[in-house]
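Using the working numbering, read the sequence shown as starting at 394 and increasing by one per residue. A virtual CB, placed ideally from N, CA and C, is assigned to each residue, including glycine. Given the structure is predicted, the values throughout are model-derived calculations rather than measurements. Everything on this sheet refers to the single structure shown next.
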Amino acid sequence: MADSRKASRPHDRSAVRREQVDEELNDNRQHALTSQASEPVPERVHVHLQTATTWTEPLTLSTLALGLITLVLVWQTHRDAAEAINVAQKQSKELIQLTTSLAAMEDRPWLSLACIDFPEQKTDAVEAKCLLQNTGKSTALHFSAKSDLVVSSVEPNETDFRLDDTKDMPQSVAVGTNFIITFGAAFRPQTIADYKAQRKRVYIRVLLTYSDSFNVKYTTPLCLAHLYGAPPNENSYCTVQ
Numbered sequence: 394m395a396d397s398r399k400a401s402r403p404h405d406r407s408a409v410r411r412e413q414v415d416e417e418l419n420d421n422r423q424h425a426l427t428s429q430a431s432e433p434v435p436e437r438v439h440v441h442l443q444t445a446t447t448w449t450e451p452l453t454l455s456t457l458a459l460g461l462i463t464l465v466l467v468w469q470t471h472r473d474a475a476e477a478i479n480v481a482q483k484q485s486k487e488l489i490q491l492t493t494s495l496a497a498m499e500d501r502p503w504l505s506l507a508c509i510d511f512p513e514q515k516t517d518a519v520e521a522k523c524l525l526q527n528t529g530k531s532t533a534l535h536f537s538a539k540s541d542l543v544v545s546s547v548e549p550n551e552t553d554f555r556l557d558d559t560k561d562m563p564q565s566v567a568v569g570t571n572f573i574i575t576f577g578a579a580f581r582p583q584t585i586a587d588y589k590a591q592r593k594r595v596y597i598r599v600l601l602t603y604s605d606s607f608n609v610k611y612t613t614p615l616c617l618a619h620l621y622g623a624p625p626n627e628n629s630y631c632t633v634q
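Listed below in structure tokens is the structure:
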């Protein structure tokens, strides 16, 4: 009996220990529950999100209209500025061209031609000596002359003249130059006889071309009719030029 009592004592101690642990756990649970119950519960926050203001509100429509008006004004300003620049550039170009043209007209060469002599004609040709003058203020450059002579009883048409290059022409004609050009053409003896009998006239057509230092080209046409035996300076102008 003594041995059995001694053996049961450890068992009793373990049971007591378990009861103490259980009581501590229960106390901890009760304390946790009490703490949770005593803490204030946070109120729920309601967040209200408002979308963008609708387009129908007066303030938004006014802002939009003001923005559109501003864009239109800016675009129109840029357009007007571009047009003004184009107009200014065009006017500047025209002014330069006008200034150049005035300078060219002021300093341009002027060529004139006057027939001064009709020598005694050969039996197979007609000749005329003409004076070329430059009465302008600059040298005539790239000078050339085309000419033809026609003997006829009536004034020839333009197609009756065959303008060919006149040989031995100077390349340039300086200011104050007096240059004699001889124009001539061969004809049949009967045509020469009619001319000397004043039944026909000699028609001289000349086309002078030249340019100035600004590379502006000029043309001087001349067409004269001469009656045999008349003074060399008594010539009539043709209708054809």
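Inset, instruction - Decide if the segment 616-626 is in contact with the segment 506-517; the criterion is three or more beta carbon pairs, one per stretch, under 8 Å apart. - result: The segment 616-626 vs the segment 506-517: in contact.
Inset, instruction - Give the single residue among Tyr630, Leu459, Ala578 and Ser606 whose Cα lies nearest to the Cα of Lys530. - result: Here residue 530 refers to the residue found at position 137 when the sequence shown is read from its first residue. Ranking Tyr630, Leu459, Ala578 and Ser606 by Cα distance to Lys530 puts Ser606 first.
Legend entry - Segment contact flag, the segment 513-532 with the segment 497-504, C-beta cutoff 8 Å, min 3 pairs: Between the segment 513-532 and the segment 497-504, the count of C-beta pairs closer than 8 Å reaches three or more; the two stretches touch.
Inset, instruction - Taking Thr571 and Leu600 to be in contact with their CB atoms under 8 Å, please state how far apart those CB atoms are, rounded to whole angstroms. - result: Indexing the sequence shown from 1 puts residue 571 at position 178. Indexing the sequence shown from 1 puts residue 600 at position 207. The sequence given here has Asn at residue 571, not Thr. Going by Cβ atoms, the distance from Asn571 to Leu600 rounds to 20 Å, so no, they are not a contact pair.
Inset, instruction - Taking 9 Å as the cut-off, decide whether the C-beta atoms of Thr575 and Ala518 are in contact. - result: The residue given as residue 575 occupies position 182 in the sequence shown. The residue given as residue 518 occupies position 125 in the sequence shown. For Thr575 and Ala518, no; Cβs fall outside 9 Å.
Inset, instruction - Would you grab the beta carbon distance between Leu620 and Arg594 for me? Rounded to a whole angstrom, and I think it's under 8 Å. - result: Locating residue 620 in the sequence shown gives position 227, where the first residue counts as 1. Locating residue 594 in the sequence shown gives position 201, where the first residue counts as 1. Confirmed, about 5 Å.
Legend entry - Option in Leu461, Gln484, Leu491 and Gly622 with minimal Cα separation from Asp587: If you number the sequence shown from 1, residue 587 lands on position 194. With distances taken between Cα atoms, Asp587 lies closest to Gly622.
Legend entry - Cβ-Cβ distance between Ser565 and Ala533 below 9 Å: Translated into positions along the sequence shown, residue 565 becomes position 172. Translated into positions along the sequence shown, residue 533 becomes position 140. Cβ distance < 9 Å, so Ser565 and Ala533 count as in contact.
Legend entry - Endpoints, beta strand (DSSP E) assigned at Gln583: Taking the first residue of the sequence shown as position 1, residue 583 is located at position 190. Unbroken run through Gln583 is the alpha helix (DSSP H), Pro582 to Lys589; no beta strand (DSSP E).
Inset, instruction - For chain B, find out if any of its Cβ atoms is closer than 9 Å to the Cβ of Phe536; answer yes or no. - result: In summary, chain B is missing from the structure at hand, where a single protein chain is found.
Inset, instruction - Between the Cα of Glu548 and those of Val467, Arg592 and Thr463, spot the shortest distance and give me the residue it belongs to. - result: The count along the sequence shown starts at 1 and reaches residue 548 at position 155. Ranking Val467, Arg592 and Thr463 by CA distance to the CA of Glu548 puts Arg592 first.
Inset, instruction - Pick helix, strand or coil for Asp517, following the three-state DSSP scheme. - result: For this step, residue 517 is matched to residue 124 along the sequence shown. Looking at Asp517 - three-state DSSP - the assignment turns out to be coil, as it is neither helix nor strand.
Inset, instruction - Return the residue from the list Thr516, Leu466 and Leu488 that minimises the CA-CA distance to Ala590. - result: Here residue 590 refers to the residue found at position 197 of the sequence shown. Comparing Cα-Cα distances from Ala590 to each of Thr516, Leu466 and Leu488, the minimum goes to Thr516.
Inset, instruction - Could you say which of Glu476, Lys483, Gly460 and Ser537 lies nearest to Tyr611 if we only look at CA atoms? - result: The residue given as residue 611 occupies position 218 in the sequence shown. Measuring from the Cα of Tyr611, the nearest candidate turns out to be Ser537.
Inset, instruction - Give the single residue among Asp561, Pro563 and Leu542 whose Cα lies nearest to the Cα of Asp553. - result: The sequence position of residue 553 within the sequence shown is 160, counting from 1. Sorting Asp561, Pro563 and Leu542 by C-alpha distance to the C-alpha of Asp553 places Leu542 at the top.
Legend entry - Exposure label - Tyr630; buried when at least 16 CB within 10 Å: In the sequence shown, counting from the first residue as 1, residue 630 sits at position 237. Here Tyr630 is exposed, its C-beta having fewer than 16 other C-beta atoms within 10 Å.
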